[in-house]
Amino acid sequence: MDKVKIAIQYMLPKHFLSRLVGKLAAAQLGKLTTFFIKWFIKQYKIDMSEAKDSNPEAYKTFNLFFTRELKDGIRPICDDEKILAHPVDGAVSQLGPIKDGEIFQAKGHSYSTLALLGDQPQDAERFKDGDFATIYLAPKDYHRLHMPITGTLSKMTYVPGELFSVNPLTAENVPGLFARNERVVAIFETEIGPIAMVLVGATIVASIETVWAGTVTPPAGKQVFTWEYPTEGKDAITLQKGEEMGRFKLGSTIVMCFEKDAIEKFADGVEPKATTRMGQPFAHIK
81 MDKVKIAIQY MLPKHFLSRL VGKLAAAQLG KLTTFFIKWF IKQYKIDMSE
131 AKDSNPEAYK TFNLFFTREL KDGIRPICDD EKILAHPVDG AVSQLGPIKD
181 GEIFQAKGHS YSTLALLGDQ PQDAERFKDG DFATIYLAPK DYHRLHMPIT
231 GTLSKMTYVP GELFSVNPLT AENVPGLFAR NERVVAIFET EIGPIAMVLV
281 GATIVASIET VWAGTVTPPA GKQVFTWEYP TEGKDAITLQ KGEEMGRFKL
331 GSTIVMCFEK DAIEKFADGV EPKATTRMGQ PFAHIK
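Under this note's numbering, the very last position in the sequence shown is 366; numbers go up by exactly one each time.
Following this line, the structure appears as structure tokens:
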């Protein structure tokens with residue numbers, strides 16, 4: 081059955097389906113929208129008591145519900161300057177060292193940092209022999225992404241690609257999954273060196289947004305696009321630790337890359353399959 085599920089993904093018109101769902105998720109359909117939101121809450125056991133507005137009928141579109149804001153203070157940010165904070169609610173997929181330019185995906189599968197970052201050697205070189213962490217966001221999770229440390233944006237890259245599901249089953253069976261799906265790469269300059277925050281698209285992920293550029297995709301492109309940003313002066317974009325940096329409209333995955341020796345060790349309990357909560361301790365820095 082697992083092989084059948086994977087085979088179906090190869091055959092489906094994933095971009096078409098994702099964009100169609102995106103249009104429906106953005107539409108104000110009144111009672112139909114409310115009905116589906118209530119079904120979704122029940123189906124995925126979503127804790128609406130954490131939401132700033134817990135009433136399903138308050139959300140005019142499914143997208144507004146899916147990217148709902150949390151109550152103030154419900155995700156306190158770890159304030160220790162030597163500890164990175166979790167950027168998202170989700171579950172650790174994999175994490176560890178980048179070995180010979182390769183990032184471990186799942187048993188039997190890895191992919192190159194170069195491919196992940198859009199085949200740009202100067203970016204991949206910055207993370208040579210560094211560390212990575214991959215976090216999967218399930219449908220039930222909070223879908224806003226936050227900064228693990230204060231950083232200034234230096235570059236954003238849009239990389240076109242497939243839209244395979246990014247759930248654990250697919251990660252175990254589709255080679256190079258996170259380096260072949262559509263994605264947005266944001267590189268920040270921080271006190272511990274560069275950090276790459278890679279927002280990976282997936283089946284039914286109708287939109288990837290950042291706080292500085294708004295919606296990056298859709299529309300889907302057919303070539304890599306890059307944007308350079310000033311890191312000094314009044315036009316520099318600096319986001320504080322814990323500040324929102326982007327969001328997914330429907331669930332996906334984030335891959336983070338760190339330069340060599342930036343991470344001393346990951347925090348206790350941060351390991352594959354471990355639940356993550358935005359703001360909690362993620363890693364100790366040197």
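In this text, a Cβ means the ideal position worked out from N, Cα and C, and glycines have one as well.
Apply the 10 Å Cβ neighbour rule to residue i and answer buried if 16 or more other Cβ atoms are within range, or exposed otherwise.
i, result
"Asp160", "exposed"
"Gly198", "buried"
"Val296", "buried"
"Val239", "buried"
"Val84", "exposed"
"Leu217", "buried"
"Gly281", "buried"
"Tyr124", "exposed"
In three-state terms, what does DSSP make of residue i?
i, result
"Met128", "helix"
"Phe244", "coil"
"Phe258", "helix"
"Thr355", "strand"
"Asp203", "helix"
"Arg263", "strand"
"Ala363", "strand"
Can the beta-carbon of residue i be found closer than 8 Å to that of residue j?
i, j, result
"Phe145", "Ile117", "yes"
"Val264", "Leu279", "yes"
"Val246", "Thr355", "no"
"Ser287", "Pro298", "yes"
"Val335", "Phe258", "yes"
"Pro177", "Asp211", "yes"
Measure how close the beta-carbons of residue i and residue j come, nearest whole angstrom, since I'm counting them as under 8 Å.
i, j, result
"Cys158", "Pro310", "So it is not a contact: roughly 29 Å between Cβ atoms."
"Asp169", "Asp221", "4 Å"
Got a sec? Which residues, its chain only, sit under 6 Å from residue i by beta carbon, not counting five neighbours each side?
i, result
"Gln174", "Phe184, Thr214 and Pro352"
"His226", "Pro167, Gly322, Glu324 and Met358"
"Ile272", "Ala342 and Ile365"
"Glu252", "Ala186"
"Glu242", "Arg260 and Asn261"
Excluding the five sequence neighbours on either side, which residues of its own chain have a C-beta within less than 8 Å of the C-beta of residue i, listed in chain order?
i, result
"Thr270", "Ile229, Thr230, Gly231 and Thr232"
Less than 7 Å between C-beta atoms, sequence neighbours within five positions excluded: which residues of the same chain meet that for residue i?
i, result
"Ile121", "Met128 and Pro136"
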